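Student: So that we are looking at the same thing, I have put the structure below in C-alpha cells.
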Amino acid sequence: MANLELSLGMADYDRTSALMSGIVRPAGVDLHYIVSPPSETFWRMLKFEVFDISEMSMSTFLISKSQGRRWKAIPVFPYRSFFHTAIFVREESGFHSPEELKGKKFGVPEYQVTAAVWLRGALEQDFDLKPSDMKWYMERRRELSHGGETSFKSPKGVSVEYLPDGVTLKSALLDGKIDALMPSPYPGMPSLLNRTDYLDLTRTEGIRLLFEDPVEEGKRYFRKHGYSHINHTVIVKPDLAEKFKWLPLNLYKAFEEAKEYAYQHFDKIIKSSLIFAYPYWVEQLKLFGTDPYPYGIKANRKALEDLIGMSESQGLIPSRLKIEDIFDETTLNL
C-alpha cells in the first residue's frame with residue numbers, strides 16, 4: 044500500500060523539526076509539514092479544517108469535544124510553559140504579587156485560550172484569586188477568534204468584554220484602561236489573530252513583568268504541582284483516524300522520535316549566541332530531568348485532569364470530560 048499523503052499544521056519547534064526536515068518520518072505517511080502560527084492554525088482548523096493533522100489548543104479542543112466535534116487527539120503536547128508567570132503590569136503600578144490584582148482589570152487575547160485557563164487556574168490554586176475577582180478584557184475580534192467559532196459566552200458571574208476596536212492589550216495597559224495583561228505566548232510568531240507580542244512588551248518602557256523572577260516562580264509551581272502547563276495537543280481528522288486505525292499510534296511514535304532527536308542535539312546550544320544557554324540547560328535538567336516535554340497520558344494525567352477540572356469550573360465546558368474520551372483509543376496506555 045502506498046503511503047498516505049497528509050498535511051500537518053504546526054509551529055516550528057526544535058522538538059518537531061526532525062519531522063519538518065524529513066529526518067523522522069511516520070511509518071506509512073508522507074508528511075507535508077506546514078509551518079503556521081499556533082493561534083492561526085487553531086482558527087483555520089475550527090473554521091475550515093484545512094489540515095489532516097494539526098496542533099490544537101487544549102482548551103479549544105475540550106470545548107469542541109463537549110460540543111460534539113469528532114476530532115481525535117494523540118497525547119503529544121508540543122508546547123507548555125508556566126503561563127501565570129507572563130503577567131505584565133505598568134512599571135509604576137505598585138503591583139508585585141497576584142493577590143494585589145483582586146478587583147482589577149485584566150487583559151487576555153481571548154478568555155478561552157488555554158494559557159488563560161491555566162493563568163486563572165494557577166491564580167486560584169496558589170493565590171486565592173477567583174476568575175470573578177477580576178474584570179476580563181479580550182483583544183481578539185469575535186470574527187477572528189477561537190471563541191467566535193465555538194460560540195463563546197461569558198461564564199456566569201464573570202465580567203468579560205471585548206476591548207474597543209483599534210485598542211490592543213499593550214495600548215490598553217499603557218493608557219490605564221486595564222491593570223494587567225497576559226499576551227499570546229508565542230514570541231516572534233506573527234499571527235492574523237494577535238496584535239500584542241510578548242517580546243515587544245519586554246522591550247517597552249513603562250511595562251514590566253509582575254513576577255520579578257518568573258523562572259523562580261515557575262520552579263516553585265513545578266515543585267508544588269509536579270507539572271508545567273500543557274498548552275497544545277495534536278489532533279487527527281476523525282475520518283482518517285477511524286479508517287486507518289494504525290495512524291494515531293504511528294504519529295505518536297514519530298513525534299516521540301523527533302523529540303528525542305532534538306534532545307540528542309542539544310549540544311548545538313553551546314554554539315549559539317546565548318552566553319548563558321548551557322548553564323541554563325544544566326539548571327533545567329536539575330528541575331525537569333532529561334525530558335522536559337513528556338508525551339503520553341501516564342506522565343501527564345495530573346496536568347490533564349487539573350486542566351479539565353479548571354475548564355469545567357471556569358464555565359468553558361458544561362461537564363467534566365474523561366481523559367479516555369478525548370484521546371484516540373490506541374494511545375490510551377501510553
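Numbering (my numbering), first residue to last: 44 to 377.
We put the CB at the ideal spot given by N, CA and C, even for glycine.
Computed from a predicted model, the values in this text were never measured in an experiment.
Could you tell me whether the Cβ atoms of Met63 and Thr84 are closer together than 9 Å?
Tutor: no
Student: Three or more C-beta pairs closer than 8 Å, one from the stretch 193 to 200 and one from the stretch 115 to 122: is that the case here?
Tutor: no
Student: For Asp240, name the three-state secondary structure that DSSP assigns.
Tutor: strand
Student: Pull the bridge partners of Tyr76 from the DSSP assignment, please.
Tutor: Leu51
Student: Using DSSP with H/G/I as helix, E/B as strand and the rest coil, what is Ile117?
Tutor: strand
Student: So what's Met99 in DSSP terms, helix, strand or just coil?
Tutor: Residue state for Met99 is assigned as strand, using DSSP reduced to three classes.
Student: Tell me, to the nearest whole angstrom, how far the beta carbon of Gly332 is from that of Leu377; I am working on the premise that it is less than 8 Å.
Tutor: Actually they do not touch by this definition, with Cβ atoms about 18 Å apart.
Student: Taking 8 Å as the threshold, find out whether the stretch 224 to 233 comes into contact with the stretch 129 to 138 through three or more Cβ pairs.
Tutor: Put simply, the stretch 224 to 233 touches the stretch 129 to 138. At least three CB pairs are less than 8 Å apart.
Student: Is there contact here, the stretch 174 to 184 with the stretch 206 to 220, by at least three beta-carbon pairs under 8 Å?
Tutor: yes
Student: Can you list, in chain order, the residues of its chain with a C-beta nearer than 7 Å to that of Lys173? Leave out the 5 residues immediately preceding and following it.
Tutor: Glu167
Student: In the DSSP assignment, the alpha helix (DSSP H) including Arg263 goes from what residue to what residue?
Tutor: For Arg263, the enclosing alpha helix (DSSP H) covers residues Pro257 to His268.
Student: Quick one: Cα of Ala320 to Cα of Met99, how far?
Tutor: For Ala320 and Met99, the distance between alpha carbons rounds to 29 Å.
Student: When you compare the stretch 242 to 252 with the stretch 154 to 166, are there three or more beta-carbon pairs, one atom per stretch, that lie closer than 8 Å?
Tutor: Taking 8 Å as the limit for Cβ pairs, the verdict is that the stretch 154 to 166 does not touch the stretch 242 to 252.
Student: Should Leu292 and Ile96 be called a contact, given that it needs their Cβ atoms to be closer than 9 Å?
Tutor: no
Student: Taking all protein chains shown into account, do 16 or more other C-beta atoms lie within 10 angstroms of the C-beta of Asn274, making it buried, or fewer, making it exposed?
Tutor: buried
Student: In chain order, which beta strand (DSSP E) runs of at least 3 residues are fully inside the stretch 163 to 221?
Tutor: 178 to 181 and 203 to 205
Student: Confirm, please, whether the CB-CB distance from Leu350 to Ser102 is below 9 Å.
Tutor: With contacts defined as CB atoms closer than 9 Å, Ser102 and Leu350 qualify as a contacting pair.
Student: If you run the structure through DSSP and keep just helix, strand and coil, what is His127?
Tutor: helix
Student: Which parts of the stretch 298 to 358 are runs of the alpha helix (DSSP H), unbroken and 4 residues or longer, counting only runs that do not cross its ends?
Tutor: As for any alpha helix (DSSP H) of minimum length 4 sitting wholly inside the stretch 298 to 358, the runs are 320 to 331 and 344 to 356, ordered along the chain.
Student: Look up Arg276 in the DSSP assignment and give the residues it is bridged to.
Tutor: Residue identity differs from the one stated: residue 276 is Thr in this sequence, not Arg. Met99, per the DSSP bridge assignment.
Student: Looking only at its own chain, which residues have a Cβ that is under 7 Å from the Cβ of Lys115, when we skip the five neighbours before and after it?
Tutor: Short of 7 Å from the beta carbon of Lys115, and not among the five residues preceding or following it, lie these beta carbons of its own chain, in chain order: Ile278, Val279, Pro281, Ala284, Pro291 and Asp371.
Student: Could you have a look at Arg87 and say whether DSSP puts it in helix, strand or coil?
Tutor: helix
Student: Taking the alpha carbon of Arg238 as the reference point, which residue from Val203, Lys220, Val151 and Arg266 has its own alpha carbon closest?
Tutor: Val151
Student: Per DSSP, what are the beta-bridge partners of Arg251 in this structure?
Tutor: DSSP lists Val132 as partners of Arg251.
Student: Would you call Asn343 buried or exposed, if buried means 16 or more other Cβ atoms sit within 10 Å of its Cβ?
Tutor: buried
Student: Sorted by chain position, which residues of the same chain lie with C-beta nearer than 6 Å to Phe298's C-beta, five sequence neighbours on each side aside?
Tutor: Val119
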